[in-house]
Amino acid sequence: IVQLIASEAGCSDTMTLAISIAMCGCTDPSALNYDPGAQLNNGSCIYAVPMVEVPNVFTPDGDDVNELFLLNTTNAVNVEMTIFNRWGNTMFHGSGLNPSWDGKSGGNAVEEGTYFVKYIVSGYNNQKIEAG
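Take the sequence shown: its position 23, counted from the start at 1, is 791 in our numbering, and no numbers get skipped.
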(Lines of atoms letter the chains of each structure in order from A; the text may use other names.)
(Lines give C-alpha, C1' and ligand atoms only; values in the text may rest on other atoms or scores of the structure.)
Protein backbone atom coordinates (compact mmCIF):
# COMPACT_ATOMS: atom_id res chain seq x y z
CA ILE A 769 0.00 0.00 0.00
CA VAL A 770 1.33 3.38 -0.99
CA GLN A 771 0.07 6.56 0.66
CA LEU A 772 0.60 9.94 -1.01
CA ILE A 773 0.15 13.19 0.85
CA ALA A 774 0.06 16.50 -0.99
CA SER A 775 -0.13 19.95 0.52
CA GLU A 776 -0.41 23.31 -1.20
CA ALA A 777 -1.44 26.71 0.18
CA GLY A 778 -3.02 25.34 3.32
CA CYS A 779 -4.90 22.55 1.53
CA SER A 780 -3.96 18.93 1.83
CA ASP A 781 -5.12 15.69 0.25
CA THR A 782 -4.36 12.03 0.86
CA MET A 783 -4.58 9.14 -1.57
CA THR A 784 -4.07 5.46 -0.83
CA LEU A 785 -3.17 3.03 -3.59
CA ALA A 786 -3.00 -0.77 -3.17
CA ILE A 787 -0.67 -2.68 -5.47
CA SER A 788 -1.30 -6.42 -5.79
CA ILE A 789 1.53 -8.66 -6.96
CA ALA A 790 0.78 -12.16 -8.20
CA MET A 791 3.58 -14.72 -8.35
CA CYS A 792 4.02 -16.08 -11.85
CA GLY A 793 5.46 -19.47 -12.75
CA CYS A 794 4.44 -22.95 -13.80
CA THR A 795 1.10 -23.89 -12.20
CA ASP A 796 0.78 -27.41 -13.70
CA PRO A 797 1.57 -30.08 -11.06
CA SER A 798 2.53 -32.58 -13.79
CA ALA A 799 5.37 -30.35 -15.02
CA LEU A 800 8.99 -30.81 -13.97
CA ASN A 801 9.28 -27.18 -12.88
CA TYR A 802 5.94 -26.89 -11.05
CA ASP A 803 5.93 -23.96 -8.63
CA PRO A 804 3.34 -24.46 -5.85
CA GLY A 805 3.67 -20.77 -4.91
CA ALA A 806 2.79 -19.53 -8.39
CA GLN A 807 -0.64 -17.97 -8.83
CA LEU A 808 -0.51 -17.27 -12.56
CA ASN A 809 0.87 -19.58 -15.24
CA ASN A 810 3.51 -17.77 -17.28
CA GLY A 811 3.90 -20.51 -19.93
CA SER A 812 7.26 -21.73 -18.61
CA CYS A 813 6.19 -25.31 -17.81
CA ILE A 814 8.63 -28.03 -18.84
CA TYR A 815 7.33 -31.59 -19.26
CA ALA A 816 9.17 -34.91 -19.09
CA VAL A 817 9.50 -36.55 -22.50
CA PRO A 818 7.77 -39.94 -22.77
CA MET A 819 10.12 -42.86 -23.38
CA VAL A 820 9.44 -46.39 -24.65
CA GLU A 821 11.36 -49.64 -24.42
CA VAL A 822 10.04 -52.42 -26.68
CA PRO A 823 10.80 -56.08 -25.93
CA ASN A 824 11.91 -58.18 -28.90
CA VAL A 825 10.50 -61.50 -27.67
CA PHE A 826 8.04 -62.99 -25.20
CA THR A 827 7.09 -66.56 -24.36
CA PRO A 828 3.45 -67.11 -23.32
CA ASP A 829 4.02 -70.77 -22.49
CA GLY A 830 2.66 -70.96 -18.94
CA ASP A 831 6.00 -70.94 -17.08
CA ASP A 832 5.33 -67.47 -15.53
CA VAL A 833 8.36 -65.94 -17.29
CA ASN A 834 7.79 -63.39 -20.10
CA GLU A 835 4.10 -64.37 -20.30
CA LEU A 836 2.92 -60.96 -21.57
CA PHE A 837 4.08 -58.64 -24.30
CA LEU A 838 4.03 -55.12 -22.92
CA LEU A 839 5.87 -51.89 -23.53
CA ASN A 840 8.04 -50.46 -20.78
CA THR A 841 7.16 -46.76 -20.70
CA THR A 842 8.23 -43.77 -18.66
CA ASN A 843 6.40 -40.42 -18.41
CA ALA A 844 3.39 -41.78 -20.30
CA VAL A 845 -0.24 -40.87 -19.71
CA ASN A 846 -1.65 -43.28 -22.31
CA VAL A 847 -0.40 -46.11 -24.51
CA GLU A 848 -2.23 -47.39 -27.58
CA MET A 849 -0.79 -50.66 -28.89
CA THR A 850 -1.77 -52.92 -31.78
CA ILE A 851 -0.17 -56.28 -32.64
CA PHE A 852 -0.32 -57.61 -36.22
CA ASN A 853 0.65 -60.95 -37.70
CA ARG A 854 2.88 -61.14 -40.80
CA TRP A 855 -0.18 -60.82 -43.07
CA GLY A 856 -1.33 -57.59 -41.42
CA ASN A 857 -4.21 -59.09 -39.46
CA THR A 858 -4.85 -57.51 -36.05
CA MET A 859 -4.12 -59.97 -33.26
CA PHE A 860 -4.50 -57.53 -30.36
CA HIS A 861 -5.44 -53.92 -29.71
CA GLY A 862 -5.33 -52.25 -26.31
CA SER A 863 -4.96 -48.87 -24.68
CA GLY A 864 -4.37 -47.39 -21.24
CA LEU A 865 -1.22 -47.11 -19.19
CA ASN A 866 -0.10 -50.76 -19.56
CA PRO A 867 -1.87 -52.64 -22.33
CA SER A 868 -0.44 -56.14 -22.64
CA TRP A 869 -0.88 -59.05 -25.03
CA ASP A 870 -1.08 -62.61 -23.74
CA GLY A 871 -0.36 -64.24 -27.12
CA LYS A 872 -3.99 -65.02 -27.81
CA SER A 873 -6.40 -63.85 -30.48
CA GLY A 874 -10.10 -64.51 -30.14
CA GLY A 875 -9.35 -66.49 -26.96
CA ASN A 876 -7.03 -68.93 -28.77
CA ALA A 877 -3.24 -69.04 -28.57
CA VAL A 878 -1.62 -67.83 -31.78
CA GLU A 879 1.14 -69.76 -33.51
CA GLU A 880 4.77 -69.12 -32.71
CA GLY A 881 6.13 -66.67 -35.25
CA THR A 882 6.91 -63.10 -36.13
CA TYR A 883 4.48 -60.38 -35.12
CA PHE A 884 4.61 -56.61 -35.51
CA VAL A 885 3.75 -53.92 -33.01
CA LYS A 886 2.40 -50.44 -33.68
CA TYR A 887 2.13 -48.03 -30.77
CA ILE A 888 1.40 -44.44 -29.84
CA VAL A 889 2.67 -43.37 -26.44
CA SER A 890 1.22 -40.07 -25.22
CA GLY A 891 2.98 -37.97 -22.63
CA TYR A 892 2.15 -34.82 -20.74
CA ASN A 893 1.33 -31.73 -22.81
CA ASN A 894 0.29 -33.86 -25.86
CA GLN A 895 3.79 -35.18 -26.56
CA LYS A 896 3.67 -38.38 -28.62
CA ILE A 897 6.00 -41.18 -29.65
CA GLU A 898 4.79 -43.36 -32.52
CA ALA A 899 6.22 -46.45 -34.19
CA GLY A 900 5.05 -49.19 -36.45
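All C-beta atoms in this analysis are idealised placements derived from N, C-alpha and C, irrespective of residue type, glycine included.
Query - Backbone CA spacing between residue 804 and residue 793 [nearest angstrom] - result: 9 angstroms
Query - Three-state class that DSSP yields for residue 892 in the structure shown - result: helix
Query raised in the report: In chain order, what residues of the same chain lie with their CB nearer than 8 angstroms to the CB of residue 881, ignoring the 5 residues before and after it?
Result: 853, 854
Report task. Mind checking which residues open and close the beta strand (DSSP E) that includes residue 864? Result -> 858 to 864
Query raised in the report: Going by C-alpha distance, which of 871, 891, 785, 889 is nearest residue 830?
Result: 871
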